[in-house]
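Asks: One line per chain: the protein sequences are A and B, in this order.
Here the working numbering is used: position 242 in the first sequence is 390, and no number is missing along the way.
Here the working numbering is used: position 52 in the second sequence is 200, and no number is missing along the way.
We put the beta carbon where it would ideally sit given N, CA and C, even for glycine.
None of these values were measured; they are calculated from a predicted model.
Take a look at this one; I'll ask things after.
Number of protein chains: 2
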Amino acid sequence: MTRASSRRPGPPTRTERGIPEATVARLPVYLRALTALSDGGTATASSEDLATAAGVNSAKLRKDLSYLGSYGTRGVGYDVEYLRYQIAREIGVTQDWAVVIVGIGNLGHALANYSGFGTRGFRIVALLDADPTLIGERIGDMEVRDFAELEDIVKADRVSIGVITTPAGPAQEVCDRLVAAGVTSILNFAPVVLSVPDGVDIRKVDLSIELQILAYHEQRKSGEAALPQVPELPALNGLTDFPSVGGGVGA
Amino acid sequence: MTRASSRRPGPPTRTERGIPEATVARLPVYLRALTALSDGGTATASSEDLATAAGVNSAKLRKDLSYLGSYGTRGVGYDVEYLRYQIAREIGVTQDWAVVIVGIGNLGHALANYSGFGTRGFRIVALLDADPTLIGERIGDMEVRDFAELEDIVKADRVSIGVITTPAGPAQEVCDRLVAAGVTSILNFAPVVLSVPDGVDIRKVDLSIELQILAYHEQRKSGEAALPQVPELPALNGLTDFPSVGGGVGA
DNA sequence: CCGATTTTGTTCTCACGTTCACAAGCTCCT
DNA sequence: AGGAGCTTGTGAACGTGAGAACAAAATCGG
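And the structure:
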């Protein structure tokens, strides 16, 4: 069934349903680029065109696409709509994924308000928080519900993806509850390292880490010449990291 | 500019003030782990302890730390406070970095409200938007100012880091203005590929990409057995990506 | 119909990142 | 003091990813 139709290329035993992680991370970028081209009325695009739109070089793009199969035409390029569908199918966004958001603080609020969220590939089925003063609040066309209802919601709506936007403190406990309820993919905005059993995927988004990486390079750019270079331990006032963007679950 | 020159063909051209990018990305994680240990009253930690707290394996952690110097003691481990300071200094968060946020929509609002932001290593000096209905609004102890004031603010406050939380549309233009004004590091939340001149660092945070990567793995876990497998092009209704979490700059 | 031209798909090579494994070095106990 | 026991720092093996380069296919013009 899923034999990628191409004949066997010999020893490497290509594809076989195994796409490199680095490639997987770029597929959504290609999908977006294809959508932009499609919206702009382009019907066919070369790997060079696509690569420019996606911000990568064309060799890498061609190699990435080759893991999916041979969807291009030599001498011509790629059919934008066709390739878009193939990538969307490979990623899995031709179906809708039910998502719960846990922790309706600043960030959870922002994500809940996020219009594009509910319409394409992902469907927010619940906003959850443990703070009684938040429960019942309406956000858009949804209402914040009690975190205690988690298990029922996951079962009822077949939720497989959870988004954690709580503060660091309750994040691991929330994570454990999500996993126990049957969620197998988690997007974590809380500034902690979550531990999960095998079979559960975790991705992390962390503002403070991103800023600190920028700061490192920035320091290289500006400083580089005259830094005091004090290997001794000075005052050391709060140069740590961020508490959290998140909201109210827990405590 | 001391562009990382040496390209010697021999061994990897070690250190020379050049820390591998993968290591740089983990230093903030170590910093956070050290802070947690410190707050918990731990004075000394082995690479194994640290690695567990940071969610990596100990060999990788030791190798990462070795790029900074020999800050541990064999047979003992690392002094938590001392190592914390060394990493903070290496990253550059012993000084404060001035930051502007452009685009005060849902996400920009959330980041502006973000208490931990202003206190440790980074200082928000301005919230900017081009929407007249937003200008003047108070968020926390700050006020939304006109995007037109960008250049003055960057010069006055020596801003080197900009955060873009606009929709996709105006993001490139905002980016160009930031760069022209002198900003050399940008954290982009808008779902577009920004192009910048050499010497400017860009990092991207993209909710839809993260979710799509999760969806890919999720599909692997659940499906894998019975997918219709339709290589022909069907209806294809809006399986694209997200407009934006961002706010109001532009049009 | 054939050759020129274009562009893909793939192979090869090199650079980077991860992990293993162990010598070097430190502390503590006897 | 000397050896036992840890733990770091690092050299080497291994695996993954990136980019250059080119052969294979498709179109197009004559």
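(1) Quick one: Cα of B/L213 to Cα of A/E358, how far?
(2) Would you kindly work out how many angstroms separate the C-alpha atoms of A/Y364 and A/N336, rounded to a whole number?
(3) Roughly how many whole angstroms lie between the Cα atoms of B/Q234 and A/V224?
(4) Look up A/F270 in the DSSP assignment and give the residues it is bridged to.
(5) So that I know if they touch, is there some Cβ in chain A lying closer than 7 Å to that of B/I239?
(6) Between the Cα of B/I312 and those of B/V331, B/R306 and B/K303, spot the shortest distance and give me the residue it belongs to.
(7) How long is the line joining the alpha carbons of B/S356 and A/I249, rounded to whole angstroms?
(8) Listing by chain order, which chain B residues have their CB less than 9 Å from the CB of A/P318?
(9) Between A/R286 and chain B, is there a C-beta pair that is closer than 7 Å?
(10) What's the C-alpha gap between B/A260 and A/G217?
(11) Quick one: give me the first and last residue of the alpha helix (DSSP H) that B/G317 is part of.
(12) Entirely within the region 182-240 of chain A and at least 4 residues each: give me those alpha helix (DSSP H) ranges in chain order.
(13) For a contact defined as C-beta to C-beta under 7 Å, what are the partners of B/N254 on chain A?
(14) Name, please, each residue of chain B whose Cβ falls closer than 7 Å to the Cβ of A/L362.
(15) By DSSP, does A/G166 sit in helix, in strand, or in coil?
(16) Is there a Cβ of chain B sitting closer than 7 Å to that of A/E321, yes or no?
(17) Comparing alpha-carbon positions, which option in B/K211, B/V344 and B/A181 lies nearest B/G203?
(18) Distance check for A/F270 and A/G240, CA to CA, integer angstroms please.
(19) Does any residue of chain B bring its CB to less than 7 Å from the CB of A/P172?
(20) Using the Cα positions of B/V378 and A/G347, report the straight-line distance between them to the nearest angstrom.
(21) From the beta carbon of A/I249, is the nearest beta carbon of chain B less than 7 Å away?
(22) Could you give the distance in angstroms between the alpha-carbon of A/D227 and the alpha-carbon of B/E321?
(23) Excluding sequence positions up to five away, which residues of its chain have a Cβ less than 7 Å from the Cβ of A/L185?
(24) Taking 7 Å as the threshold (beta carbon to beta carbon), is A/P176 in contact with chain B?
(25) So with CB distances below 7 Å, who are the chain B contacts of A/G203?
(26) Below 8 Å CB to CB, which residues in the same chain sit around A/T183 once its five sequence neighbours on both sides are set aside?
(27) Between which two residues does the beta strand (DSSP E) carrying A/V292 extend?
(28) For the alpha helix (DSSP H) holding A/D305, just list the boundary residues, first then last.
(29) Got a sec, what are the start and stop residues for the beta strand (DSSP E) B/L335 sits in?
(30) In chain A, which residues lie less than 9 Å from B/E358 when you measure between Cβ atoms?
(31) Give the interface partners of A/E366 over in chain B, defined as CB-CB distance under 8 Å, in chain order.
(32) Looking at the C-beta of B/F437, does it have a partner C-beta in chain A at a distance below 7 Å?
(33) Note down, in chain order, each residue of its chain lying with its Cβ closer than 8 Å to the Cβ of A/E238, except the 5 sequence neighbours on either side.
(34) State the Cα-Cα distance for the pair B/K303 and B/D324, rounded to the nearest angstrom.
(35) Measuring alpha carbon to alpha carbon, tell me which of B/I252, B/V172, B/L179 and B/N205 ends up nearest B/P315.
(36) Going by CA-CA distance only, name the one from B/G317, B/H257, B/S333 and B/R222 that's closest to A/I486.
Replies: Concretely, from the data shown:
(1) Mapped onto the second sequence, residue 213 of chain B falls at position 65. Mapped onto the first sequence, residue 358 of chain A falls at position 210. Rounded to the nearest angstrom, the two C-alpha atoms are 19 Å apart.
(2) For this step, residue 364 of chain A is matched to residue 216 along the first sequence. For this step, residue 336 of chain A is matched to residue 188 along the first sequence. Straight across, the Cα-Cα distance linking A/Y364 with A/N336 is about 24 Å.
(3) In the second sequence, residue 234 of chain B corresponds to position 86, counting from 1. In the first sequence, residue 224 of chain A corresponds to position 76, counting from 1. C-alpha separation (whole angstroms): 55 Å.
(4) Here residue 270 of chain A corresponds to residue number 122 of the first sequence, with the count starting at 1. Paired residue(s): A/W245.
(5) As a position in the second sequence, residue 239 of chain B is number 91, starting the count at 1. So, interface residue.
(6) In the second sequence, the residue the question calls residue 312 of chain B occupies position 164. Of B/V331, B/R306 and B/K303, the residue nearest in Cα terms is B/V331.
(7) Looking up residue 356 of chain B in the second sequence gives position 208. Looking up residue 249 of chain A in the first sequence gives position 101. Their Cα atoms are separated by approximately 14 Å.
(8) Counted from its first residue, the first sequence places residue 318 of chain A at position 170. Those do not exist, as A/P318 stays about 15 Å from chain B at its closest Cβ, beyond 9 Å.
(9) As a working mapping, residue 286 of chain A is identified with position 138 in the first sequence. Chain B contact via Cβ: absent.
(10) Within the second sequence, numbered from 1, the residue matching residue 260 of chain B stands at position 112. Within the first sequence, numbered from 1, the residue matching residue 217 of chain A stands at position 69. So the alpha carbons of these two residues sit roughly 45 Å apart.
(11) Locating residue 317 of chain B in the second sequence gives position 169, where the first residue counts as 1. Element bounds for B/G317: A316 to A329.
(12) Runs of alpha helix (DSSP H) with 4 or more residues, each lying fully within the region 182-240 of chain A, are found at 195-202, 206-214 and 228-239, listed in chain order.
(13) As a position in the second sequence, residue 254 of chain B is number 106, starting the count at 1. Within chain A, the residues near B/N254 are A258, N261 and Y262.
(14) Against the first sequence, residue 362 of chain A aligns to sequence position 214. Going along chain B in sequence order, the residues near A/L362 (Cβ under 7 Å) are I309, S333, L335, D349 and R351.
(15) Walking along the first sequence from the start, residue 166 of chain A turns up at place 18. Coil, per DSSP.
(16) By 1-based counting over the first sequence, the position of residue 321 of chain A is 173. Under the 7 Å criterion on CB atoms, A/E321 is classed as non-interfacial with respect to chain B.
(17) Translated into positions along the second sequence, residue 203 of chain B becomes position 55. Nearest to B/G203 by C-alpha distance, out of B/K211, B/V344 and B/A181, is B/A181.
(18) The sequence position of residue 240 of chain A within the first sequence is 92, counting from 1. The sequence position of residue 270 of chain A within the first sequence is 122, counting from 1. Approximately 10 Å, taken between the alpha carbons.
(19) Reading the first sequence from its first residue, position 24 is the one you call residue 172 of chain A. Residue identity check: residue 172 of chain A is Val in the sequence provided, not Pro. Cβ-Cβ to chain B under 7 Å: yes for A/V172.
(20) Walking along the second sequence from the start, residue 378 of chain B turns up at place 230. Walking along the first sequence from the start, residue 347 of chain A turns up at place 199. With a pLDDT of 41 at B/V378, under the threshold of 50, the modelled position of this residue cannot be trusted, and the question is left open.
(21) In the first sequence, residue 249 of chain A corresponds to position 101, counting from 1. Using beta-carbon distances, A/I249 does not count as an interface residue toward chain B, since no partner is under 7 Å.
(22) As a position in the first sequence, residue 227 of chain A is number 79, starting the count at 1. As a position in the second sequence, residue 321 of chain B is number 173, starting the count at 1. Their Cα atoms are separated by approximately 30 Å.
(23) Walking along the first sequence from the start, residue 185 of chain A turns up at place 37. Counting only Cβ-Cβ distances below 7 Å, and skipping sequence neighbours, we find A193, A201 and V228.
(24) In the first sequence, the residue the question calls residue 176 of chain A occupies position 28. For A/P176, the nearest CB of chain B lies under 7 Å from its own CB, placing it at the interface with that chain.
(25) Translated into the one-based positions of the first sequence, residue 203 of chain A becomes position 55. Those within 7 Å of A/G203 in chain B are V341.
(26) Counted from its first residue, the first sequence places residue 183 of chain A at position 35. These residues qualify, in order along the chain: R232.
(27) Translated into positions along the first sequence, residue 292 of chain A becomes position 144. Where A/V292 is concerned, the enclosing beta strand (DSSP E) stretches over M290 to D294.
(28) The residue given as residue 305 of chain A occupies position 157 in the first sequence. Segment L298 to D305, the alpha helix (DSSP H) holding A/D305.
(29) For the purposes of this step, residue 335 of chain B is taken as the residue at position 187 of the second sequence. Where B/L335 is concerned, the enclosing beta strand (DSSP E) starts and stops at S333 to N336.
(30) Your numbering for residue 358 of chain B matches position 210 in the second sequence. Residues of chain A whose Cβ lies closer than 9 Å to the Cβ of B/E358 are, in chain order, P176, L335, R351, K352 and V353.
(31) Reading the first sequence from its first residue, position 218 is the one you call residue 366 of chain A. Neighbours of A/E366 across chain B, judged by C-beta separation under 8 Å: G240, W245, S308, I309, T332, S333 and D349.
(32) Missing from the structure shown is residue 437 of chain B; chain B here goes from 149 to 399 and no further.
(33) Here the question's residue 238 of chain A lines up with position 90 in the first sequence. The residues are I167, L175 and L216.
(34) Position 155 of the second sequence, counted from the start, is the residue given in the question as residue 303 of chain B. Position 176 of the second sequence, counted from the start, is the residue given in the question as residue 324 of chain B. Their backbone Cα atoms lie some 16 Å apart in a straight line.
(35) The residue given as residue 315 of chain B occupies position 167 in the second sequence. The alpha carbon of B/P315 has as its nearest neighbour, out of B/I252, B/V172, B/L179 and B/N205, the alpha carbon of B/I252.
(36) Since the first residue of chain A shown is 149 and the last is 399, residue 486 of chain A is not available in this structure.
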